[in-house]
Amino acid sequence: MPPLFRAAGGGRLQVRLAQHTSWYYGKDRPGEGAALGNLGLAYADVCEARREIEFLRGALDVFVAIERPDAAQVRATIARLEKEVGA
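This note's numbering puts the last residue of the sequence shown at 646; the count rises by one with no breaks.
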């Protein structure tokens, strides 16, 4: 397995894989939003709520810009997380 994909724990591996593959979505706005959302979910897996919020905000920006219905769900998730972490 290449060094890039080695990690100590499943959640950290997800984060590294998502970071490595997210470049693919640069010209695909829905894909970019999905990639940012997936990065947020990967950070949730490793209990890094602030990083999760950061990436979900990025996904929200994209979803609002392209008028995707997912924006409402992402907005609600961010509000819940901010309340939980006191942001």
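Even glycine gets a Cβ: it sits at the ideal position worked out from N, Cα and C.
The alpha-carbon of Pro628 is positioned some 7 angstroms away from that of Phe622. DSSP places Val633 in the helix class (H, G or I) of the three-state scheme. Measuring C-alpha to C-alpha distances from Arg616 to each of Cys606, Leu598, Asp604 identifies Leu598 as the nearest. Boundaries of the alpha helix (DSSP H) around Pro589: 588–604. Counting only the Cα atoms, Asp587 lies some 24 angstroms from Ala635. Annotation: Ile625 is outside any alpha helix (DSSP H) and is labelled neither H nor E by DSSP.
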